[in-house]
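These notes are about the structure you will find just below.
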Amino acid sequence: MVAQAAGAERVKRVLITGGNTGIGFETAKSLCAKGWDVTLACRDKGRAAAAVASIKEQQPGAQVSSLNLDLANLASVKAAASSLVDTGCADFDVLLNNAGAYSPWEAYGQSKLANILFTYELARRLKDYPQVTVNCLHPGVVRTELGRYMVNSSNQMWMGPAIYLASFFFKTPQQGAQTSIYLASSPDVANTTSKYFVDCKAVASSRASHDASVAARLWEYSAALTKVPADILQPAKVA
Ligand SMILES: NC(=O)c1ccc[n+]([C@@H]2O[C@H](COP(=O)([O-])OP(=O)(O)OC[C@H]3O[C@@H](n4cnc5c(N)ncnc54)[C@H](OP(=O)(O)O)[C@@H]3O)[C@@H](O)[C@H]2O)c1
């Protein structure tokens with residue numbers, strides 16, 4: 007999910023979850039090269055530090071830092087959010103919810119469907135705030151570290167070699183990052199919201215992703231898990 011907020015002409019700030027490798031890392035490099043201030047929100051401090059160092063080595067002077075965040079641990083999510091608010095650093099122009107993985111196919115598919123449902127529900131709740139846009143994307147099939155989550159002890163004999171062979175036909179991480187970069191930074195989509203993108207083009211998402219009642223339940227469940235009031239985002243009252 008990519009949320010963009012309209013802002014004045016100044017250095018733009020983006021928070022990329024899981025930005026230490028793969029598509030998130032390529033997006034981070036590209037936005038740094040455009041002069042953006044980039045924060046990588048990562049669960050592994052060592053991998054985060056290595057990613058920051060790598061970008062700074064390739065782009066001396068790049069504005070890039072990291073934030074400790076494990077999205078599988080809600081206490082970590084709360085601590086990360088609190089540290090941003092407490093230090094006055096929560097005013098991001100773009101939130102790129104890039105991190106994502108867990109367990110094999112069924113859970114993975116459900117998490118991706120939830121991502122699209124949540125995007126549409128958030129957009130519905132932001133309809134009176136046109137300065138904030140929210141979109142989601144499919145990057146294509148990309149040669150990243152994602153395959154590590156699909157291999158387990160029961161399928162490693164065939165899944166590992168299968169992924170390796172198939173990967174020659176996958177996009178490179180740089181190619182896979184193009185839609186994320188486009189949604190984060192292109193003026194063409196600054197006023198576009200509640201869309202699903204593939205190869206930098208808005209396309210139709212599945213019928214299941216448009217079920218507004220499931221989306222509302224997902225919103226309420228997410229609010230309960232994070233202990234945030236479910237009505238935190240209500241349409242603005244007209245004076
Ligand atoms: N590659 C594809 O073909 C493909 C296709 C469709 C969609 N996508 C989506 O694109 C996004 C990026 O994937 P990728 O291909 O770049 O995969 P990747 O190379 O495996 O990168 C995933 C990133 O997410 C981070 N991450 C995973 N779980 C996390 C957690 N609990 N808390 C914080 N960070 C976490 C990882 O951190 P660590 O380095 O610490 O593990 C890593 O930085 C994902 O949402 C993925 O589902 C990818």
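Be aware that the sequence shown starts at 7, since it is given in this note's numbering, and climbs by one per residue.
Note that beta-carbon positions come from the ideal geometry of N, C-alpha and C, so glycine has one too.
Note that this is a predicted model, so its numbers are computed, not measured.
Taking only the alpha-carbon atoms, compute the straight-line gap between residue i and residue j and give it to the nearest angstrom.
{"i": "residue 189", "j": "residue 7", "result": "9 angstroms"}
{"i": "residue 93", "j": "residue 50", "result": "21 angstroms"}
{"i": "residue 161", "j": "residue 135", "result": "47 angstroms"}
{"i": "residue 87", "j": "residue 81", "result": "10 angstroms"}
{"i": "residue 75", "j": "residue 85", "result": "8 angstroms"}
{"i": "residue 211", "j": "residue 218", "result": "13 angstroms"}
{"i": "residue 15", "j": "residue 233", "result": "35 angstroms"}
{"i": "residue 33", "j": "residue 213", "result": "29 angstroms"}
{"i": "residue 201", "j": "residue 129", "result": "9 angstroms"}
{"i": "residue 164", "j": "residue 114", "result": "19 angstroms"}
{"i": "residue 90", "j": "residue 167", "result": "42 angstroms"}
{"i": "residue 142", "j": "residue 120", "result": "11 angstroms"}
{"i": "residue 63", "j": "residue 35", "result": "11 angstroms"}
{"i": "residue 157", "j": "residue 110", "result": "8 angstroms"}
{"i": "residue 242", "j": "residue 67", "result": "The predicted model places residue 242 with a pLDDT of 49, which falls under 50 and marks its position as unreliable; any figure quoted below should be read in that light. So the two alpha carbons sit approximately 40 angstroms from each other."}
Just to confirm, are residue i and residue j a CB contact at a threshold of 8 angstroms?
{"i": "residue 45", "j": "residue 140", "result": "no"}
{"i": "residue 48", "j": "residue 39", "result": "no"}
{"i": "residue 224", "j": "residue 112", "result": "no"}
{"i": "residue 123", "j": "residue 204", "result": "no"}
{"i": "residue 41", "j": "residue 70", "result": "no"}
{"i": "residue 28", "j": "residue 179", "result": "yes"}
{"i": "residue 12", "j": "residue 137", "result": "yes"}
{"i": "residue 97", "j": "residue 154", "result": "no"}
{"i": "residue 99", "j": "residue 184", "result": "no"}
{"i": "residue 37", "j": "residue 187", "result": "yes"}
Along the chain, where does the beta strand (DSSP E) containing residue i start, and where does it finish?
{"i": "residue 207", "result": "207-209"}
{"i": "residue 22", "result": "19-23"}
{"i": "residue 48", "result": "43-48"}
{"i": "residue 142", "result": "138-144"}
{"i": "residue 121", "result": "Premise fails: residue 121 lies in the alpha helix (DSSP H), 111-131, not in any beta strand (DSSP E)."}
Using 8 angstroms as the cut-off, can you tell me whether the region 138-156 makes contact with the region 167-176, which would need three or more C-beta pairs spanning the two stretches below that distance? They touch, by the three-pair rule.
Counting pairs of Cβ atoms below 8 angstroms between the region 24-39 and the region 101-112, do you hit three or more? Touching, yes, given that three or more Cβ pairs across the two stretches are closer than 8 angstroms.
Should the region 121-136 be regarded as contacting the region 55-62, the criterion being three or more beta carbon pairs within less than 8 angstroms? Taking 8 angstroms as the limit for Cβ pairs, the verdict is that the region 55-62 does not touch the region 121-136.
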